[in-house]
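*Asks:*
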Amino acid sequence: MQKNTNIRLTLPVVCFVWQIAMIILFGVFIRYDEESDTHWVETKAHDNITSDIENDFYFRYPSFQDVHVMIFVGFGFLMTFLKRYSFGAVGFNFLIASFGLQWALLMQGWFHSLDPQTGKIFIGVESLINADFCVAGCLIAYGAVLGKVSPVQLLVMTLFGVTLFAVEEYIILNLLHARDAGGSMVIHTFGGYYGLTISWVLYRPNLHQSKRMQGSVYHSDIFAMIGTLFLWMFWPSFNSAITDHGDGQHRAVINTYLCLASTVLTTVAISSFSQKTGKLDMVHIQNSTLAGGVALGTAAEFMISPYGALIVGFLCGIISTMGYIFISPFLEKTLKIQDTCGIHNLHAMPGVIGGIVGAITAAAASESVYGKQGLINTFDFTGDFKDRTVLTQGGYQAAGMCVSIVFGVAGGAIVGSILKLPIWGDPADENCFDDEVYWEVREPATHHLLFTIQPLGGAIVFDLVSRDELQTTFEIYI
Amino acid sequence: MQKNTNIRLTLPVVCFVWQIAMIILFGVFIRYDEESDTHWVETKAHDNITSDIENDFYFRYPSFQDVHVMIFVGFGFLMTFLKRYSFGAVGFNFLIASFGLQWALLMQGWFHSLDPQTGKIFIGVESLINADFCVAGCLIAYGAVLGKVSPVQLLVMTLFGVTLFAVEEYIILNLLHARDAGGSMVIHTFGGYYGLTISWVLYRPNLHQSKRMQGSVYHSDIFAMIGTLFLWMFWPSFNSAITDHGDGQHRAVINTYLCLASTVLTTVAISSFSQKTGKLDMVHIQNSTLAGGVALGTAAEFMISPYGALIVGFLCGIISTMGYIFISPFLEKTLKIQDTCGIHNLHAMPGVIGGIVGAITAAAASESVYGKQGLINTFDFTGDFKDRTVLTQGGYQAAGMCVSIVFGVAGGAIVGSILKLPIWGDPADENCFDDEVYWEVREPATHHLLFTIQPLGGAIVFDLVSRDELQTTFEIYI
Amino acid sequence: MQKNTNIRLTLPVVCFVWQIAMIILFGVFIRYDEESDTHWVETKAHDNITSDIENDFYFRYPSFQDVHVMIFVGFGFLMTFLKRYSFGAVGFNFLIASFGLQWALLMQGWFHSLDPQTGKIFIGVESLINADFCVAGCLIAYGAVLGKVSPVQLLVMTLFGVTLFAVEEYIILNLLHARDAGGSMVIHTFGGYYGLTISWVLYRPNLHQSKRMQGSVYHSDIFAMIGTLFLWMFWPSFNSAITDHGDGQHRAVINTYLCLASTVLTTVAISSFSQKTGKLDMVHIQNSTLAGGVALGTAAEFMISPYGALIVGFLCGIISTMGYIFISPFLEKTLKIQDTCGIHNLHAMPGVIGGIVGAITAAAASESVYGKQGLINTFDFTGDFKDRTVLTQGGYQAAGMCVSIVFGVAGGAIVGSILKLPIWGDPADENCFDDEVYWEVREPATHHLLFTIQPLGGAIVFDLVSRDELQTTFEIYI
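Chains as they are written, first to last, in the UniProt record's numbering: chain U, 1 to 478; chain Z, 1 to 478; chain E, 1 to 478.
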């Protein structure tokens, strides 16, 4: 019970040492790519590029900024729903994303784009997007352990999470040559199971002791909607940020836009139907409305067709909301997985659906729909993979999904065990979900005293309903 | 008084059935256009397009995303100002926009871009922008009835609103060949009068019974400013999103940027002058500062010149703020129009001004200012309209504005009558503006007890000022 | 003590007169540039431009919108942290930015782009960005006097601030030919010292009388994080918005992105280390995390290399957070500078660091790193400056920084003296940081009564801790 949450040494040391390591490694490895180097003027002349607008920057920067907003405002504010953990939600999200993106540039660079001749990693705007994507996986995992871990644990989780991510991504995208532009498998399935497994290892049987801090208050739910909406609105940018120039980005946007719209309606339907009088639940609206974006991560660039996108969204709204109603309680009670934000319903399950949708639509692709060159471009059937058939591709897509689950579960089990060591300054069971553990909070949590007041004879009767389970009635004579 | 607000059947059924209808209709009608189809590689070769950057996606996507933010965060948060209706504001806004954009793609497709040969509607990024625009009309209307209707009524209102919108838009833009890039007439005038007329039909003589729920609290006013600012900042994107490539988009941005800046100053001036000690009113700052963007919707792409844009903004700030001070109370008392958000002052009136400004500036256009080709491009004097003079154009612009008013009022009257049926689960008069009717609210509304405390002899004197009209003083002996 | 804060005449008069002056001056001077004029079609033909995408609009508009968000939401919400001054923070920010950008278009136009033949200023998207930049300087200064001045004073401060800005910018960028794409010197150093000096002139020895209003509450800190995050996320757009097309914009984004990530880690480290139990302080997270963006304003477009950017961020996080802990109290006590938002730590100091970093990296630039043409492009060694060496350039960069400090301090002293006149309606010492002075606040500030309740014998014991320094214990018999 007497947990030591003093992180005055560990947190600064980890931040300093890791940041210095980043500087050294960046010094050794990271350079500007040819489109962001001052030698671009020579590259242009050499490659006969007539206009600066051909710089990849102009194809991807608007999408990058949208993704950037999703990472920092989207994920950050989505998690502010707890009544007294908003500092931790948005603040630790900020911290781990800032570290994670640096480490991701290195890890992804080593695996994907290390130049064999110079031994350098050359980065441009697409590298920044990929780093943000990689970080997203870790932020998803944060959702499962929100309020129950220390910032030091989160940094450790991110260090390993990014490392695992880069490896599974390399296996799925490069070795298996699966397509996963919006990361249903690589980001959401991996991140989801990684977080859930860590949460399972860190199971707290006495978490009910901080029950008073779980749940939202009115304004924290509205803060969370800021996160929801920025994720929802910019998801088309997420799924299209690294797809092919031209029709690839264009199509991914249309598909995601439609899919998400459809998800909102079925989320509302199930949420309303699950309550006696048809009232809506903010938890569903904040989370399940996003499931369609997750599930279209793989297939967004495919010719899934507009109505196909609507169908995926339709199903995901139902499944995700049902998840909050039925599966989350089951996970907690039976499987001992405490999933603060319900990432199983928002990321893990829809991610798996996305992998399946991707495999099926890839296997069903045909030259009559895509055109000969369109098929080659979409699935990148070039080089070593120029003879691959769409059926084979479908198989490799499915294999990719299994890889992401295995990495999530196995990685989560290992990292969870590391995080279980009693050195990280995590909070006691009765102090979970409370910002006061890691933050200077100037305004102490108030006891909300809820009164019904009525003048009654010579007295005012107060019906007092404190949310701290104290309930009484008393009178004040005046 | 005993209204049944149970929507456990109606809401899910409407959501499910309509979404399934969307899927079927999309399956029959909607396809990717040539710029978002994998055959784009062939189109490029055929049309001799040298670079993917020529894809319309890169001209319009940044503006589209800004518009998308306006629809979901802008409109959604602008309406969160009520103390206990923020869930409904942002949540129902989310729901009806998500449905509306799907239905809009179909309705606008049938009227504007149904391919006669294939019977299909081909969609691209411009279609998405237009769908968002169409939805904006319905969200404006929502502002008039905010807090007084059920989500089912809102969905019905949106179904008919989008339908009416597509028809009036077809008449104004295609038949009359009026120009209205930012939708002063098509979006704001129509949406404004549509909502006001519905609110007039649904007049609640006993609305004062929920007076305690009207008005804002401190934090809800700040939430509303999120909406205001995102609308204000991105309005240049709104007015330029579908204007001509190149100078058309460029000029519309400059004009709207300037016009809105000017509006802020006159709004502040009138707001301050209207109070005894010069204090500002948040209602004015949240709403009237936006009126300039509405009023420049039609003329944004014209050569109205920078100082012209400033003048429009100058006038709109004055008129809109005056509207809140003088006209809204008049509408409510005399015309029996209860306009929760004051859309008459923010959309309807400025929309009409915008239509007039558009007609005048069109009629005053000249080859000396626009250049020969510039005039043709700006007013699209090609095909059937190649011999139209600017004076005639001005006339048709004015005619367009009348059409939008007629559609708004007539449509609102019909739809209002439908919504008056006692089957939609709308709230009782005393439960208006209260989220608890349609939402699971975990934190019950608190009685805010406002005390002045002073030790006085042996007692502490509490001066109690409850906002629930109870006011008393009592002492507690210690 | 009896200060008159009635601004019912002054505020409306200033707004009206100045806005009318803007309209007249715009009518005389401001015209569309060739890329936003309908004659663009002829320009294209004349200059042999093949595509509309070559219009500068498409190079800069996405960055412009990000900058626009920083100005209105970023700066506005960053200042909402005070418990009862959020209306003033976001509302007055809105007002002065809206006025300032108009005046900036004129002032910057006269100094930078007045066409000698026509006597006109031709504006396009880059002018809008520069106007927003200019306004940023004044909003920074607002941070120092937040809560202590009237809106009329703020408008006066902005009028002179923009004027001074345009002059110092002309000296630094045109006469000295220093480079300062993201404005470390021109914007942040100037704005910082301008605000600090004004605050020094307006020193209030009895400011402690409004101590109860200083500091934040839980939700106001989260609102402030909206500002922080939008500033942080979009800073890469800020520093790249007006850099060279192509690699220039691309590189500035990468550098700023990395620098800011690094800053977050060292800010967290110092913040945690400065507290007994390692708790984090929201003030640091909200502000110091941004210092890296400020400090890279000058060098963002240089070949500072990715690890160089990380080092700058590393140092700035440390210095800025230390500033909040050690320097701010020193400034207040010893130098009599009351700096509400700590702009010395967020803008002034990091701005100076940015100027130094810029001078050093410019002096250290070499043809081997930049390439011959790259060096010329980056430092614009053309025309009169075609023979300048990088060492000389470094010297001029340093000179530029001195100019910005001198203008800030001298300008602030003069403007501060003007603002000291007793005619502007500023609040009394005990009413500072209180929205009720200038705003209609519907919900009066509540006395937060913090109780610990325990049933004790026949009584309930209330331990009352009012934040208004009243502390007592009383019992209520029931």
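Using N, Cα and C, we set each Cβ at its ideal position, and we do this for glycine too.
Does the distance from the C-beta atom of serine 288 of chain Z to that of glycine 317 of chain Z stay below 8 Å?
*Replies:* For serine 288 of chain Z and glycine 317 of chain Z, yes; Cβs fall inside 8 Å.
*Asks:* Quick check: what's the CA-CA separation for glutamate 54 of chain U versus cysteine 138 of chain E?
*Replies:* 36 Å
*Asks:* Does any CB atom of chain E fall closer than 8 Å to the CB of histidine 219 of chain Z?
*Replies:* yes
*Asks:* Decide if proline 427 of chain E is buried, meaning its Cβ has at least 16 other Cβ atoms within 10 Å, or exposed.
*Replies:* buried
*Asks:* Given proline 350 of chain U, which residues of its chain have a CB within under 8 Å of its CB, disregarding the five upstream and five downstream residues?
*Replies:* Ser184, His188, Ala291, Gly292, Val294, Ala295, Cys316, Ile319 and Ser320
*Asks:* Which residue marks the beginning of the beta strand (DSSP E) containing phenylalanine 31 of chain E, and which one marks its end?
*Replies:* Strictly speaking, residue 31 of chain E in this sequence is arginine, with phenylalanine absent from that position. Segment 30-32, the beta strand (DSSP E) holding arginine 31 of chain E.
*Asks:* For histidine 177 of chain E, count the other beta carbons within 10 Å of its own beta carbon; 16 or more makes it buried, fewer makes it exposed. Which is it?
*Replies:* buried
*Asks:* State buried or exposed for isoleucine 423 of chain Z, treating a residue as buried only when at least 16 other CB atoms are found within 10 Å of its CB.
*Replies:* exposed
*Asks:* So that I know if they touch, is there some Cβ in chain U lying closer than 8 Å to that of aspartate 247 of chain E?
*Replies:* Yes, aspartate 247 of chain E counts as interfacial toward chain U.
*Asks:* Sort Z/Gly100, Z/Ile285, Z/Thr158 and Z/Ile325 by Cα distance to glycine 88 of chain E and report the nearest one.
*Replies:* Z/Ile285
*Asks:* Does the count of Cβ pairs from the region 75-91 of chain Z and the region 247-258 of chain Z closer than 8 Å reach three?
*Replies:* no
*Asks:* Pick from E/Glu436, E/Gly195 and E/Val152: whose alpha carbon is nearest that of glycine 416 of chain E?
*Replies:* E/Gly195
*Asks:* Between the C-alpha atoms of valine 13 of chain Z and alanine 309 of chain U, what's the straight-line distance to the nearest angstrom?
*Replies:* In a straight line, the C-alpha of valine 13 of chain Z is about 21 Å away from that of alanine 309 of chain U.
*Asks:* Considering only residues of the region 83-162 of chain Z, which uninterrupted beta strand (DSSP E) runs meet the minimum length of 3 residues and lie entirely inside it, listed in chain order?
*Replies:* Qualifying beta strand (DSSP E) stretches, in chain order: 121-123.
*Asks:* Whole angstroms are fine: how far does the CA of glycine 408 of chain Z sit from the CA of valine 213 of chain E?
*Replies:* Note that residue 213 of chain E is methionine in the sequence shown, not valine. Cα to Cα, the separation comes out at about 48 Å.
*Asks:* For valine 441 of chain U, go through chain E and note every residue whose CB falls closer than 8 Å to its CB, in chain order.
*Replies:* Tyr218
*Asks:* Flag this pair as touching only if the region 128-135 of chain Z and the region 60-71 of chain Z have three or more C-beta atom pairs under 8 Å; answer yes or no.
*Replies:* yes
*Asks:* Runs of 4 residues minimum, wholly inside the region 353-430 of chain Z: which ones carry the alpha helix (DSSP H) assignment?
*Replies:* 367-370, 372-379 and 390-419
*Asks:* Which chain Z residues are close to aspartate 52 of chain E, counting only those with a beta carbon under 7 Å from its beta carbon?
*Replies:* His245 and Gly246
*Asks:* How is leucine 196 of chain U classed by DSSP in three states: helix, strand or coil?
*Replies:* Leucine 196 of chain U falls in the helix class under three-state DSSP.
*Asks:* Since tryptophan 40 of chain E meets chain Z, which of its residues come closer than 7 Å, beta carbon to beta carbon?
*Replies:* Gly246 and Asp247
*Asks:* Work out the CA separation of glycine 76 of chain Z and phenylalanine 234 of chain Z for me, nearest whole Å.
*Replies:* 15 Å
*Asks:* How would you label leucine 105 of chain U, buried or exposed, when you count the other beta carbons within 10 angstroms and need 16 or more for buried?
*Replies:* buried
*Asks:* Listed in chain order, which residues of the region 148-159 of chain E have Cβ atoms closer than 8 Å to some Cβ of chain Z?
*Replies:* Pro151
*Asks:* Drop a sphere of 10 angstroms on the beta-carbon of asparagine 377 of chain Z, count the other beta-carbons inside from all chains shown, and report buried for 16 or more, exposed for fewer.
*Replies:* buried
*Asks:* Short of 6 Å in beta carbon distance, which residues of its chain neighbour threonine 243 of chain U, apart from the five on each side in sequence? Order them along the chain.
*Replies:* Counting only Cβ-Cβ distances below 6 Å, and skipping sequence neighbours, we find Ala181, Gln249, Ala252 and Glu301.
*Asks:* Check whether the Cβ atoms of glutamine 393 of chain E and alanine 413 of chain E lie closer than 8 Å to each other.
*Replies:* No, they are not a contact pair.
*Asks:* When Cβ atoms are compared, which residues of the region 175-198 of chain E fall closer than 9 Å to chain Z?
*Replies:* none
*Asks:* Pick out whichever of E/Trp232, E/Gly278 and E/Gly425 has its Cα sitting closest to the Cα of asparagine 4 of chain U.
*Replies:* E/Gly278
*Asks:* Compare the C-alpha of isoleucine 23 of chain U against each of E/Met282, E/Thr266 and E/Leu202 and name the closest.
*Replies:* E/Thr266
*Asks:* Taking one C-beta from the region 167-176 of chain E and one from the region 371-391 of chain E each time, how about it: are there three or more such pairs within less than 8 Å?
*Replies:* no
*Asks:* Secondary structure at serine 216 of chain Z, three-state DSSP: helix, strand or coil?
*Replies:* Per DSSP, reduced to three states, the secondary structure at serine 216 of chain Z is coil, with no helix or strand assignment.
*Asks:* Which residues bound the alpha helix (DSSP H) around proline 306 of chain U?
*Replies:* 306-322
*Asks:* Alpha helix (DSSP H) containing alanine 299 of chain Z: first to last residue?
*Replies:* Boundaries for alanine 299 of chain Z: no alpha helix (DSSP H) harbours it, and the DSSP string shows neither H nor E there.
*Asks:* Determine the burial state of histidine 208 of chain E: buried for a count of at least 16 other Cβ atoms within 10 Å of its Cβ, exposed for fewer.
*Replies:* exposed
*Asks:* Say whether the region 50-67 of chain U touches the region 139-148 of chain U, bearing in mind that this needs 3 or more beta-carbon pairs closer than 8 Å, one atom from each stretch.
*Replies:* Here the region 50-67 of chain U makes no contact with the region 139-148 of chain U; the two share fewer than three CB pairs at distances below 8 Å.
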